[in-house]
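Visitor:
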Amino acid sequence: MALAAVPVSDVPSLDQVPENASLSLFSAPFSAGVMMNDGNDTASFKIPKFLVVGHRGHGMNVLQSSDKRMKAIKENSIVSFNSAAKYPIDYIEFDVQVTTDDCPVIFHDDFILSEDNGGIFEKRVTELCLSEFLSYGPQKEPGKMGKTLLRKTKDGKIVNWNVETDDSLCTLQEAFQQVEPSLGFNIELKFDDHVVYQQDYLVRVLQEILKVVFEHAKDRPILFSTFQPDAALLVRKLQSAYPVFFLTDGGTEIFHDVRRNSLEEAIKVCLEGSLQGIVSEVKGVFRNPGAVTKIKEAKLSLLTYGKLNNVSEAVYMQNLMGIEGVIVDFVQEITEAVSDMIMPPKADEDNEKLSEGNGKMEVKGKPEFSKRELFISFEAHS
348 MALAAVPVSD
358 VPSLDQVPEN
368 ASLSLFSAPF
378 SAGVMMNDGN
388 DTASFKIPKF
398 LVVGHRGHGM
408 NVLQSSDKRM
418 KAIKENSIVS
428 FNSAAKYPID
438 YIEFDVQVTT
448 DDCPVIFHDD
458 FILSEDNGGI
468 FEKRVTELCL
478 SEFLSYGPQK
488 EPGKMGKTLL
498 RKTKDGKIVN
508 WNVETDDSLC
518 TLQEAFQQVE
528 PSLGFNIELK
538 FDDHVVYQQD
548 YLVRVLQEIL
558 KVVFEHAKDR
568 PILFSTFQPD
578 AALLVRKLQS
588 AYPVFFLTDG
598 GTEIFHDVRR
608 NSLEEAIKVC
618 LEGSLQGIVS
628 EVKGVFRNPG
638 AVTKIKEAKL
648 SLLTYGKLNN
658 VSEAVYMQNL
668 MGIEGVIVDF
678 VQEITEAVSD
688 MIMPPKADED
698 NEKLSEGNGK
708 MEVKGKPEFS
718 KRELFISFEA
728 HS
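Position one of the sequence shown corresponds to residue 348 (the numbering used here), numbered consecutively onward.
1) Could you compute how far the alpha carbon of Ser572 sits from the alpha carbon of Asp604?
2) Per DSSP, Asp463 forms a beta bridge with which residues?
3) Pick from Ile505, Val510, Ile436: whose alpha carbon is nearest that of Phe458?
4) Alpha carbon to alpha carbon, what distance is there between Val675 and Ala684?
5) Can you list, in chain order, the residues of its chain whose CB lies under 6 Å from that of Tyr548, leaving out five sequence neighbours each side?
6) Quick one: residues in its chain with C-beta nearer than 6 Å to the C-beta of His405, no 5 flanking neighbours on either side, listed in chain order?
7) Note down the Cα distance separating Leu667 from Ile453, rounded to an integer number of angstroms.
8) Can you give me the Cβ contacts of Phe397 inside the same chain, cut-off strictly under 7 Å, excluding the 5 residues immediately before and after it?
9) Evaluate Ile625 with the Cβ neighbour count: other Cβ atoms within 10 Å of its Cβ, from every protein chain shown; 16 or more gives buried, anything less gives exposed.
10) So does the region 645 to 664 actually touch the region 627 to 637, counting three or more Cβ pairs closer than 8 Å?
11) What are the residues that DSSP puts in a beta bridge with His402?
12) How would you call Gln525, buried or exposed, if buried means at least 16 neighbouring beta carbons within 10 angstroms?
13) Using a threshold of 9 Å, state whether the C-beta atoms of Asp596 and Arg606 are closer than that.
14) What do you get for Cys476, buried or exposed, if any count of 16 or more other CB atoms within 10 angstroms of its CB means buried?
15) Ends of the alpha helix (DSSP H) at Pro576?
16) Less than 9 Å separating the beta-carbons of Glu474 and Leu497?
17) Here's the rule I'm using: 16 or more other beta-carbon atoms within 10 Å means buried, otherwise exposed. How should Asn507 be labelled?
18) With 16 as the cutoff for other CB atoms within 10 Å, does His541 come out buried or exposed?
19) Could you name each continuous beta strand (DSSP E) segment of 3 residues or more that falls completely within the region 497 to 579, going from the start of the chain to the end?
20) Could you check the C-alpha separation between Asp566 and Pro528 for me, to the nearest Å?
21) With H, G and I counted as helix, E and B as strand and the rest as coil, what does DSSP make of Val409?
22) Could you tell me how far apart the beta carbons of Leu519 and Val443 are, in whole angstroms, since I believe they sit closer than 8 Å?
23) Taking only the alpha-carbon atoms, compute the straight-line gap between Leu647 and Glu611 and give it to the nearest angstrom.
24) Pick from Leu570, Ile601, Asn656, Gln575: whose alpha carbon is nearest that of Gln623?
25) Are the beta-carbon atoms belonging to Lys536 and Val552 less than 9 Å from one another?
26) Do Leu594 and Gly620 have their C-beta atoms closer together than 9 Å?
27) Once you ignore the five residues that flank Ile467 on each side, which residues in its own chain have a CB closer than 7 Å to its CB?
28) State the Cα-Cα distance for the pair His563 and Cys617, rounded to the nearest angstrom.
29) Where Ala578 and Pro590 are concerned, what is the direct C-alpha to C-alpha distance, given to the nearest angstrom?
In structure tokens, the structure reads:
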């Protein structure tokens, strides 16, 4: 089912909505690696360093995986976010949805699964009120047990959401209040791929999220991203303070909405809505490397996500390609690899390094791998 296009030209900006509009809508700092020219409402924007972003915090949970790192810490939780903050990362990425009583909460899946009296129940996150959403999983009150939290795997199996370090579900406001303030937030605006959203619903949901951001962000670097093309265009229309990136599978999966099916279509969406960048599945970039040049010519930034970003050689290759950052699950390993591979030139070597490398970063401990080895690694993680 195709997603309905939303005419954004008539949507009022958020700065016309709240009464306490002293929210610095057109001036926000990007001290942790993202900068935007506040005097230009188009995409005057740059990322001055190679970013490492923690996926759902310290990494996503894959409960059926034999790799203990994939089930070490509950994803999209305060514990996960602060665990990631212990490493030299720039941002954490997490998913935000809005409950029926208009509270932005952090949760990836469209549905919450639970067990009661031997039966399994499935409820859509956006059809829950806040109190019911928070009633699942570990509770904040000592000794209090919440409802069982289950998860459906990609092959359809339903398993207990068991991790080594568990944590309670949380709201967007709690993340702002309890997570290391210097850590940037990549807020993914989460919508169901199989639902056609009406304009008034999208506007309401985005406004609720933006209200929390403007009230609590302070100096924290923020960027928005979403797979929903209309939501991307709308959130750019509703505010001008923070950059908006369009998420895409880059052609690795096909959707009814053609805007989601290639990097070229993603470029069109960004140019149409004056978005600042693209976040692509890394396999989509490796299969279509020529798109990187097109993205740069369009003066857009490019980040990637995907399992291959947990392979240090693949991250190094992306830096050489001019990709500006990676979203990763193995935060410790990849931050260490990036630190070893990519370092700014020392002050006393600046002139020599800049002349030799055309101003590019010095590579320390350059990985030794052939094209065949990288291809084998790519196939193993596909």
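Beta carbons are placed, not taken as given, at the ideal position from N, Cα and C, and that holds for glycine.
Guide: So, to answer that:
1) Here the question's residue 572 lines up with position 225 in the sequence shown. Here the question's residue 604 lines up with position 257 in the sequence shown. Taking the straight line joining both Cα atoms gives about 17 Å.
2) Within the sequence shown, residue 463 is the residue found at index 116, counting from 1. In DSSP, Asp463 forms a bridge with Gly466.
3) Translated into the one-based positions of the sequence shown, residue 458 becomes position 111. Measuring from the Cα of Phe458, the nearest candidate turns out to be Ile505.
4) Here residue 684 refers to the residue found at position 337 when the sequence shown is read from its first residue. Here residue 675 refers to the residue found at position 328 when the sequence shown is read from its first residue. The straight-line gap from Cα to Cα measures roughly 12 Å.
5) Indexing the sequence shown from 1 puts residue 548 at position 201. Answer for Tyr548: no residue qualifies.
6) Walking along the sequence shown from the start, residue 405 turns up at place 58. Excluding residues within five positions, the ones whose Cβ falls inside 6 Å are Ile420, Ser427, Ser430, Ala431, Val678.
7) Stepping through the sequence shown from its first residue, residue 667 is reached at position 320. Stepping through the sequence shown from its first residue, residue 453 is reached at position 106. C-alpha separation (whole angstroms): 34 Å.
8) Counting from one through the sequence shown, the residue named residue 397 turns up at place 50. Here the set comprises Asn666, Glu671, Gly672, Val685, Ile689.
9) In the sequence shown, residue 625 corresponds to position 278, counting from 1. Ile625 should be labelled buried.
10) yes
11) In the sequence shown, the residue the question calls residue 402 occupies position 55. Answer by DSSP bridge pairing, in chain order: Glu440.
12) Stepping through the sequence shown from its first residue, residue 525 is reached at position 178. Answer is exposed; the Cβ neighbour count stays below 16.
13) Position 249 of the sequence shown, counting from 1, holds the residue named residue 596. Position 259 of the sequence shown, counting from 1, holds the residue named residue 606. No, they are not a contact pair.
14) Along the sequence shown, read from residue 1 onward, the residue named residue 476 stands at position 129. Label assigned to Cys476: exposed.
15) Working through the sequence shown from its first residue, we reach residue 576 at position 229. Here the alpha helix (DSSP H) through Pro576 covers 576 to 585.
16) The residue you call residue 474 lines up with position 127 of the sequence shown. The residue you call residue 497 lines up with position 150 of the sequence shown. Judged by their CB atoms, Glu474 and Leu497 are not nearer to each other than the 9 Å cut-off.
17) As a first step, residue 507 is located in the sequence shown; it is residue number 160 there, counting from the start. The residue in question, Asn507, is exposed, as its Cβ has fewer than 16 Cβ neighbours within 10 Å.
18) For this step, residue 541 is matched to residue 194 along the sequence shown. Around the beta carbon of His541, fewer than 16 other beta carbons lie within 10 angstroms, which makes this residue exposed.
19) 497 to 499, 505 to 507, 531 to 536, 569 to 573
20) For the purposes of this step, residue 566 is identified with residue 219 of the sequence shown, where counting begins at 1. For the purposes of this step, residue 528 is identified with residue 181 of the sequence shown, where counting begins at 1. If you draw a straight line from the Cα of Asp566 to the Cα of Pro528, it comes to about 8 Å.
21) Within the sequence shown, residue 409 is the residue found at index 62, counting from 1. Coil at Val409, not helix or strand.
22) Position 172 of the sequence shown, counted from the first residue, corresponds to residue 519. Position 96 of the sequence shown, counted from the first residue, corresponds to residue 443. Contact holds; Cβ gap of about 5 Å.
23) Here residue 647 corresponds to residue number 300 of the sequence shown, with the count starting at 1. Here residue 611 corresponds to residue number 264 of the sequence shown, with the count starting at 1. Between the alpha carbons of Leu647 and Glu611 lies a distance of about 12 Å.
24) Against the sequence shown, residue 623 aligns to sequence position 276. Closest by alpha carbon: Leu570.
25) Working through the sequence shown from its first residue, we reach residue 536 at position 189. Working through the sequence shown from its first residue, we reach residue 552 at position 205. Per the sequence shown, residue 536 should be read as Leu rather than Lys. Their beta carbons are under 9 Å apart, which means Leu536 touches Val552 by this criterion.
26) In the sequence shown, residue 594 corresponds to position 247, counting from 1. In the sequence shown, residue 620 corresponds to position 273, counting from 1. No.
27) Numbered from its first residue, the sequence shown carries residue 467 at position 120. Spatial neighbours of Ile467 in its own chain (CB-CB distance under 7 Å, excluding positions within 5 residues in sequence) are listed in chain order as Leu460, Leu497, Ile505.
28) Counting from one through the sequence shown, the residue named residue 563 turns up at place 216. Counting from one through the sequence shown, the residue named residue 617 turns up at place 270. His563 and Cys617: Cα-Cα distance of roughly 27 Å.
29) One-based indexing of the sequence shown puts residue 578 at position 231. One-based indexing of the sequence shown puts residue 590 at position 243. If you take the alpha carbons of Ala578 and Pro590, they lie about 13 Å apart.
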